[in-house]
Amino acid sequence: MLKQITNLILFKAGWLACILLATAGLPGFALLAALTAAMLHLAITSAFAKETLLLAVAGLAGLTWETILQATGLVSFRGHPGDAVLAPLWMGGLWLLFATTINHGLRWSKRSFRLSALVGAVSGPIVFLSGSQLGLVTLNAPLMAVTVIGLAW
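In our numbering, the protein residues as written are 189 to 341.
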């Protein structure tokens, strides 16, 4: 239980630092905060190789997903050119952080696909709406964007 709590605290600290730094217009430092938290996670995990692979796959998949959202015009990221080849790298960092919780703090979600899907369908759009309130992301077609994000999760 202590390991799960530690994992969630590390995730939240990294996520918050990443978001606050991105909001402050410091995307490089935002990515660095996410990478630092992910590296700390890897330093204390007992399954280094497995977790490293998971983080790499999740980071790439997440950055690809965010890039698709940007390329389709559903979302745009503050301070990031809409015609950029990739979404902001700090968004990939957030996916790395999320991946640190899959086998630890969110391990419970593996027990029920339906519950995981429901939590994702609700929390994914909420996170984007929160990012919109912070001015980090613009939902160019809000209803369509939250629907697509919710369905994808």
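From the three backbone atoms N, C-alpha and C, an ideal C-beta is built for every residue, glycine too. Just so it is clear, the structure is predicted and the values come from calculations on it, not from any experiment.
Rounded distance between the beta-carbons of residue j and residue i, thought under 8 Å
i, j, result
"Gly312", "Trp341", "4 Å"
"Arg266", "Leu324", "5 Å"
"Thr211", "Ser264", "So it is not a contact: roughly 15 Å between Cβ atoms."
"Leu219", "Gly281", "5 Å"
"Thr260", "Leu274", "The pair is not a contact, with the Cβ atoms about 14 Å apart (cut-off 8 Å)."
"Met279", "Leu251", "6 Å"
Residue of the options minimising C-alpha distance to residue i
i, options, result
"Ile197", "Leu339, His292, Ala333 and Ser318", "His292"
"Asn195", "Ile290, Leu257, Val245 and Ala272", "Ile290"
"Leu241", "Cys206, Thr288 and Asn328", "Thr288"
"Gly319", "Lys200, Phe301, Ile207 and Arg299", "Ile207"
"Leu285", "Ala333, Ile337, Glu239 and Lys298", "Glu239"
Backbone CA spacing between residue i and residue j [nearest angstrom]
i, j, result
"Gly216", "Val307", "30 Å"
"Thr224", "Gly202", "8 Å"
"Ile232", "Leu190", "13 Å"
"Gln321", "Gly270", "19 Å"
"Leu248", "Phe236", "18 Å"
"Trp309", "Thr335", "In the sequence under discussion, the amino acid at residue 309 is Ala, which differs from the Trp named in the question. When rounded, the distance between both Cα atoms is 9 Å."
"Trp296", "Leu243", "18 Å"
"Gly258", "Pro276", "A small correction: the amino acid at residue 258 is Gln; Gly does not occupy that position in the sequence shown. Distance between the alpha carbons of Gln258 and Pro276 is about 10 Å."
"His229", "Pro330", "34 Å"
"Asn328", "Val315", "16 Å"
"Ile193", "Lys200", "11 Å"
"Ile337", "Ser234", "33 Å"
Per DSSP, cross-strand counterpart(s) of residue i
i, result
"Ser300", "According to DSSP, which records beta bridges pairwise, Ser300 is partnered with nothing at all."
"Ser264", "Thr326"
Near the ligand MG: residue i beta-carbon under 7 Å from a heavy atom
i, result
"Gly323", "Within the structure as shown, the ligand MG is missing, as the structure has no ligands at all."
is_contact[residue i, chain C] using C-beta, thresh 8 Å
i, result
"Leu277", "Protein chain content of the structure displayed is limited to a single chain, and chain C is not contained in it."
- Entirely enclosed alpha helix (DSSP H) segments - the stretch 208–274, minimum 4 residues: As summarised for the stretch 208–274, the continuous alpha helix (DSSP H) elements at least 4 residues long and confined to that stretch are 215–232 and 236–259, given in chain order.
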